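The structure appears below as structure tokens.
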Amino acid sequence: MTLPGNFTTLKAMTTWGYLLAFAIIFASGSRVPTQAQASQKNFRVIAFYTAKNDAAHISFVHEANRWFPKMGTQYGFTYDSTSNWDNLNTKYLKDYQVVLFLDTRPEGPAQRVAFQKYMESGGAWLGFHFAAFALTPSTYPQNWDWYHQQFLGSGSYGSNTWRPTPAILRVEDPKQPVTKGVPVTFRSSANEWYRWENDLRKNPDIDILLAIDSTSFPLGTGPKPHEIWHSGYYPVVWTNRKYRMLYLNMGHNDIDYEGKTNATLSSTFGSEEQNKLILNGLLWLGHGGTHPDSPAR
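Here the working numbering is used: position 98 in the sequence shown is 106, and no number is missing along the way.
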């Protein structure tokens with residue numbers, strides 16, 4: 009059957025319209041968030057650091073301040089950093105969803121009060137390595153009970169391995185979002201590992217996520233015998249169910265101390281599995297996650 013000319017033209021125009029509409033939608037698809045993307049809002053991170061004295065900690069801070077902005081571009085968060093600890097105040101913190109301590113802790117009374125208030129009001133925190141250090145007497149004495157005893161639960165520093173070496177880490181809580189997709193055991197980047205005053209296993213508020221696996225022993229090379237661990241239980245990553253927080257013992261690069269060049273010999277972000285753990289933790293905190301077993305607050 010022969011169609012009237014005007015009908016044929018109308019059909020062609022309609023078909024062309026559909027194709028044009030499809031092309032526009034396809035071309036603009038990258039600008040339209042998927043349902044998963046829409047449900048994951050961007051968040052802002054502020055990292056505090058000191059970066060003085062210890063070359064290994066300085067190396068890690070510089071590395072972190074390069075790595076996190078790159079991850080922010082990929083995973084949808086904004087990363088800022090500052091060495092001005094006076095910024096640890098209520099007015100400044102209100103613009104950030106996650107606070108990082110890269111190497112040390114706040115020392116000023118007003119800074120400490122502001123941080124405790126931030127955490128008790130639902131703020132989120134991610135701390136690395138030396139951020140949990142406390143030893144009396146030292147430059148960083150244990151003079152903040154809320155932070156070291158209640159919040160972290162670890163108490164004072166006990167001892168460490170030397171020199172910085174990788175370890176085989178074991179996932180202790182595979183149900184926690186931070187450990188999702190992380191192998192049961194994996195090789196970490198080089199690190200100086202800490203032992204703590206308190207046994208975190210006895211604290212009902214603490215959820216240990218990773219610990220040193222026994223296949224790591226002996227861990228450390230010395231030269232002092234007590235700097236080499238041969239047995240024992242050593243938590244290295246944990247959360248406190250009463251707060252939105254995560255502590256990771258990682259954050260001490262291997263350094264050329266002997267050659268006196270202070271050159272960096274390792275990268276904290278050199279382990280793919282460890283990087284996944286860190287990113288899982290930051291995204292979990294930034295997206296408002298709480299622990300599955302956390303009491304209602």
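Glycine included, each C-beta is placed from N, C-alpha and C at the ideal position. Just so you know, these numbers come straight off a predicted model, no measurement behind them.
Going by DSSP, what residue range makes up the beta strand (DSSP E) through residue i?
i           : result
residue 253 : 252-256
residue 294 : Taken as a continuous stretch (DSSP letters only), residue 294 belongs to no beta strand (DSSP E), being part of the alpha helix (DSSP H) at 280-294.
residue 190 : Careful: residue 190 lies outside any beta strand (DSSP E) and carries neither H nor E.
residue 75  : Unbroken run through residue 75 is the alpha helix (DSSP H), 63-83; no beta strand (DSSP E).
May I have the straight-line CA-CA distance separating residue i from residue j, to the nearest angstrom?
i           : j           : result
residue 295 : residue 49  : 7 angstroms
residue 91  : residue 166 : 27 angstroms
residue 71  : residue 211 : 33 angstroms
residue 84  : residue 279 : 22 angstroms
residue 139 : residue 114 : 9 angstroms
residue 173 : residue 219 : 15 angstroms
residue 74  : residue 80  : 11 angstroms
residue 108 : residue 238 : 32 angstroms
residue 277 : residue 117 : 33 angstroms
residue 135 : residue 267 : 30 angstroms
residue 187 : residue 194 : 12 angstroms
residue 147 : residue 170 : 20 angstroms
residue 97  : residue 122 : 5 angstroms
residue 153 : residue 86  : 32 angstroms
residue 60  : residue 69  : 10 angstroms
residue 182 : residue 244 : 15 angstroms
Since residue i is in the alpha helix (DSSP H), which residue starts that stretch and which ends it?
i           : result
residue 209 : Neither: residue 209 is in no alpha helix (DSSP H) and is coded neither H nor E.
residue 56  : Here residue 56 belongs to no alpha helix (DSSP H); instead the beta strand (DSSP E) covers 51-56.
residue 229 : Premise fails: residue 229 is in no alpha helix (DSSP H) and is neither H nor E.
residue 100 : 98-101
Run through DSSP, which three-state label would residue i get?
i           : result
residue 90  : strand
residue 201 : coil
residue 297 : coil
residue 217 : strand
residue 248 : strand
residue 269 : coil
Are the C-beta atoms of residue i and some chain C residue less than 8 angstroms apart?
i           : result
residue 179 : The structure shown contains no chain C, having only a single protein chain.
Just to confirm before moving on: does the CB-CB distance between residue i and residue j stay below 8 angstroms?
i           : j           : result
residue 190 : residue 284 : yes
residue 201 : residue 227 : yes
residue 199 : residue 258 : yes
residue 282 : residue 222 : no
residue 106 : residue 293 : yes
residue 215 : residue 161 : no
residue 248 : residue 159 : yes
residue 132 : residue 209 : no
Is any non-hydrogen atom of the ligand HEM found closer than 7 angstroms to the C-beta of residue i, if you look at the structure I gave you?
i          : result
residue 87 : Inclusion of the ligand HEM in the displayed structure is not the case, the ligand content being empty and no account of it being possible.
Task: Minimum length 3: unbroken beta strand (DSSP E) runs contained in the segment 109-190 - done: Runs of beta strand (DSSP E) with 3 or more residues, each lying fully within the segment 109-190, are found at 132-136, 165-168 and 176-179, listed in chain order.
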